[in-house]
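One structure is given here, and the rest of the page talks about it.
Residue numbers (this note's numbering), protein chains in the order written: chain A, 1 to 231; chain B, 232 to 816; chain C, 817 to 926; chain D, 927 to 1438.
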């Protein structure tokens, strides 16, 4: 049962790995440049899924402060400085991500049971299991700095009772998607140019022509003839 | 700029190197030759201004640091000064000899080469020595290439590899020394550490020196490269590299016992090769190697007399060997060939060159009144005094070898006898060549007649009387009876010239089986590689085909364009990394 | 000492140089034999007169150096010959003969 | 940081070329984009020099992007930070310095090799590539490295493909590089994702704090992905196959620029990750270092052997670059201050060497239209300045004294002797020497062709390369000699940089 749980609990990894391997295999085995790019895309997509899945929890909401947050005058300062981003990124995320029971690869909280009331369960390995820490952190910072921070600490404490999805991986992968698009565009553009220059986008024919250009002899004489002499 | 450059530029050798670069830019052979000679004289004047100093109290100049290591650009003591003076004389003779015939490359590289040799013997620390060691190696390669033939190119490549290899051994040894002690000073070392174990650093340095000194089995570059150079180039080559190594051995390993054995083997083994070789400059090269054995023996004995003998013999050897190479160069210039089989009777057309060759033969065999007599006697006496009988016998044998190789082969067979077709040449050597040869011959005579002139320059004050009756009688007996035997053998048809062709040496090992093995390995690796890659592809394809029937025949089997290959390789590397990571501990 | 049975190239009659004249050859032979005899005799006399200072017992022999010269010469002659027979290969063994020819580099060198 | 008036300094090396790049696109083809790019590279070079000086004097500099630094009481910053210590200050200066010489050089070469109308696009891509390389080096944020890596890579693919006008193989070379580069970068992202999952931070220094003592499957897998990904971009030996063609068919100026900078930046990233981020507490590091020894040595020999037999000088130099990367890996693999310093020194010196060599070849390509060995026959008579420049920098590659190559080799040997690895130090040193011999062979072959081969009889007379190209090339050649005498800059900075790297990794001394 443990094994099944282990496997099922990490199904997002399996999807990611399978997709990645399919993509890589296409890159390895396909001889057509366009298909190679398709494989490359699949390969990159698997990484997108990986990133998205590690940041997502079922029942989690977007990282927007919920509840009574009154200190409007200090909103920007408070938000930007610590209460949310810092608290989440440094303490909550770090400790939360790593499973308490010492399993190497944390199972994803997609499958973990999330209590309906929003009160985080102490055992579930979610991103936001540490409201106490967050509250303490916020309170600790607030005290002795500025009285207006009291309200911030208050808000953070309330916020901690809501389950947030970690936005950072999603933001990161947005960047990666942009990069992926650029790569695909450039790859396809190159394929077009190759087609113009060589008249083909089949890799073995390209290789035969390059080989001929470099060494002056056909790469595979018998094959070259059988195919009507690509070189 | 740093004080390193300031230190280096005080070294006359460095200045000569700079002069070499400038000479490369001058137009016209005459102008280049004049500039070269002026530079040599100027730099010698600089050296002379530094004076000299006894062995135990050297004068150090041009101290600087290079990333924390102490460098001493110049060390003046009697050992370094005598070698530097010798190299200046040799450089001057070379410049005169090549007045009309040195190409731009040879004129310039010859100066750089001489400068590197001078800088090397003046260097006060191992790093500076290495700097000049490498410069000498690299500049001399161009002189080998100056031969201009494709064979010269290939020989030059081999020469380059072995010379740079010698440098690398030296560099590794120096690096190890510095890592172990932090000291860079170039002083006497020992191959055995204090606890009796092998001193690896010293051994590496020893090997580095040994390659250039032509130790047996490490010598093959010498007879390989020297005969390929041009007439002018061979003279330059004969002077510097090997003698620089002799200096380094004398400085670093005096009294190292193994040197006696090595020297004895060198002295004897190479006279046989010299007797068997057919190219006359190859004969000279082997003979040079045999003479180096004398010096190596002397350094190995390590007494004051023996070191003096080795240095004195190095001095004489540069002059007379250079003279013989000059004579052969003159023959090459006029007759166009140096194959022994094609030459005889040249004395009719080239009497003066023949005379020079004769003087060279008298000097190298050690006939009294010539330099070789006094310098050889010192080493032989030292071997005798310290009762190294094997060394002593080897040196005697080497003397007889010189009678055959130089007296008979170089002088008699080439210049005497009936005139061969190739010997019908238009005239004697060109004037500058004759002048250079005459000057060299004069030095041989002066040193032979007035040896105290040389002895005053030697490292140690040692009162040695060369002209005693027993030296005269024994030496003359040795030479005359050897000559008699060769003459009788010729008279009765027992001796013949060696066969025409190439003489195999140690280099055969890497030039034939080595090359075949390398080609085999390359081809085998390529084939195995190909098979592996296709095997993987085929395996993967079969697997996939078994799993999905949808896979068409145009699939993975047919292709080998690198993208897939690289991607697969990346995946394999990643997989290995992951496996190793997970299994590692 | 200018007898040469093995001059490989063409022997030309009528082109006898200074050293090839029969009288000259005889003089050279006589000179060589005479000086051999003189130095052998001097060696023996030197032993008696106490000129010689042998290093070992071996070179205490009166004509040791003469013998050594002759023996080594004989060994060397034979050894060189054998070595030449054993190790000499045709000139094109390593490189093609064309490698030895020098392309004209426009510098007008030999 | 407390350097008055220079608060914004660390961000400038990235911002200046990044802002300048799109402006280039608007210019008229011809001289203007080139002059603009050159100016930008010079300004950037000055900025990096100031930065290097600031770091040398005041210690590491941190710069929080948009003021999103670490709040009080917190160790980790919220936003992206730039973190400059001596190690990356050195690499930054190197990249900008090379750019400030290669950009002016590029003018004639680009005019002859690239369609005139494309020149603005060319210089735009070049500046973007420049930005990316600087960004990778300067940033202290692991994900930001990926972004800049891809910025530089994407523009590099385009730049290489522009060589297609001379030889269409540039296109396939570029395509190969694109596929491989993308796979490498993606591996890197996966690795970063795993690390983020384990620690919740992307800041390199903070990553190190969080990773301390953590050693589980996830961190290890992350390590493997990151090293493989960067190893690919670095052309570490079994992953090098994209490099030779890419360097060979790219426009000459691009070959010179990339050979001198791109792989060097990757070496820095490897160093940063191995020592600063993972550090010596990370048990697997030792395994990786051992692997690097083997890969380094294999690379040194394999690539040098291939280089000896190449008939195209550009390809020969490209393979030589792969071999030289072997030296750098070897230095890293010692895991000591001396070893890492030797590696950094070689990064610097090899950049000078390869820039000079590729610039020389570029001059030949400009005048003779080919980089095959045949074009080099008798070059010393036809283009003496170029030929002698090539010879001197070639000697530097071999490691001859009086050139910087010697310093590299010496430092590497010295470091090898002070290290205990599973291969005896002596053997390593001898192997370094032996591979130098191979370098001597291929450089010797080139030198022979240039100096002693006769000029082909039917050859038309050629002029020397334009002054601009010759001067810039000779600046690099003279730098090869200058930095032999002026070792404070390289050895001094590199040693302190290595100390800093290993100190943050807490590995200084005998942890390894």
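Virtual Cβ for every residue (Gly too), placed ideally from N, Cα, C.
query, result
"Are three or more beta carbon pairs between the stretch 368-377 of chain B and the stretch 430-439 of chain B nearer than 8 Å?", "no"
"For the stretch 474-536 of chain B, list the alpha helix (DSSP H) runs that are entirely contained and at least 4 residues long, ordered along the chain.", "488-507, 511-532"
"Tell me which residue opens and which closes the beta strand (DSSP E) that residue 990/D is part of.", "987-990"
"Locate the beta strand (DSSP E) running through residue 294/B, then write down its first and last residues.", "290-297"
"With a floor of 4 residues, list each alpha helix (DSSP H) that falls wholly inside the stretch 1152-1204 of chain D, ordered by position along the chain.", "1169-1175, 1178-1197"
"In the DSSP assignment, the alpha helix (DSSP H) including residue 1063/D goes from what residue to what residue?", "1045-1064"
"Is DSSP giving residue 1388/D helix, strand or coil here?", "coil"
"Evaluate residue 289/B with the Cβ neighbour count: other Cβ atoms within 10 Å of its Cβ, from every protein chain shown; 16 or more gives buried, anything less gives exposed.", "buried"
"Considering only residues of the same chain and omitting the five flanking positions on each side of residue 1016/D, which have a CB-CB separation below 6 Å?", "1419, 1423"
"Residues in the stretch 1175-1203 of chain D with C-beta within 9 Å of chain A's C-beta atoms, listed in sequence order?", "none"
"Please decide whether residue 905/C counts as near chain B, where near means a Cβ-Cβ distance under 9 Å.", "yes"
"Can you tell me which of the three DSSP states residue 570/B falls into?", "strand"
"Near residue 573/B, what residues of its chain come up, given a Cβ to Cβ distance below 7 Å and the 5 sequence neighbours on each side ignored?", "651, 653"
"Under a three-way DSSP split, which group does residue 14/A fall into?", "helix"
"If you run the structure through DSSP and keep just helix, strand and coil, what is residue 847/C?", "helix"
"Can you check whether the C-beta of residue 231/A is within less than 9 Å of a C-beta belonging to chain B?", "Unreliable placement is indicated for residue 231/A, whose pLDDT of 35 sits below 50; the coordinate value is still reported in the next sentence. With 9 Å as the cut-off, residue 231/A does not count as an interface residue toward chain B."
"Would you say the stretch 1062-1081 of chain D touches the stretch 1101-1116 of chain D, given that touching needs at least three Cβ pairs under 8 Å?", "yes"
"Can you tell me the Cα-Cα spacing of residue 18/A and residue 1123/D, whole angstroms?", "20 Å"
"With 16 other CB atoms within 10 Å as the buried threshold, where does residue 682/B fall?", "buried"
"Does any C-beta atom of chain D lie closer than 9 Å to the C-beta of residue 365/B?", "yes"
"State the DSSP-derived secondary structure class of residue 618/B, mapped to helix, strand or coil.", "coil"
"Would DSSP call residue 952/D helix, strand or coil?", "coil"
"Using a cut-off of 8 Å between C-beta atoms, extract the partners of residue 802/B located in chain A.", "24, 28"
"If you drop the 5 nearest sequence neighbours on each side, which residues of the same chain put their C-beta closer than 8 Å to that of residue 222/B?", "There is simply no residue 222/B to check, as chain B begins at 232 and stops at 816 in what is shown."
"Check this for me: beta carbons of residue 388/B and residue 1370/D, under 9 Å apart or not?", "yes"
"Report yes or no: is there a C-beta of chain D within less than 9 Å of the C-beta of residue 410/B?", "yes"
"According to the Cβ coordinates, are residue 939/D and residue 1018/D closer than 9 Å?", "yes"
"Only counting the same chain, and skipping five residues up and downstream in sequence, which positions put a Cβ closer than 6 Å to that of residue 1168/D?", "1102, 1103, 1106"
"Kindly indicate which residue of 1076/D, 1045/D, 1153/D, 990/D has the alpha-carbon position closest to the one of residue 952/D.", "1045/D"
"Confirm, please, whether the CB-CB distance from residue 502/B to residue 614/B is below 9 Å.", "no"
"Assuming contact is defined by CB atoms lying nearer than 9 Å, are residue 450/B and residue 678/B in contact in what I supplied?", "no"
"According to DSSP, what are the bridge partners of residue 416/B?", "356/B"
"I'd like to know if residue 785/B contacts chain A, where contact means its C-beta is closer than 9 Å to some C-beta of that chain.", "Bear in mind that a pLDDT of 35 at residue 785/B, under 50, signals an unreliable position, so the number given afterwards is only what the model happens to contain. Yes - at least one Cβ of chain A is within 9 Å of the one on residue 785/B."
"In angstroms with no decimal places, state the Cα-to-Cα distance between residue 1230/D and residue 646/B.", "49 Å"
"To the nearest angstrom, report how far apart residue 353/B and residue 1282/D are at their CA atoms.", "33 Å"
"For residue 642/B, tell me which candidate among 619/B, 477/B, 607/B, 592/B has the shortest Cα-Cα distance.", "592/B"
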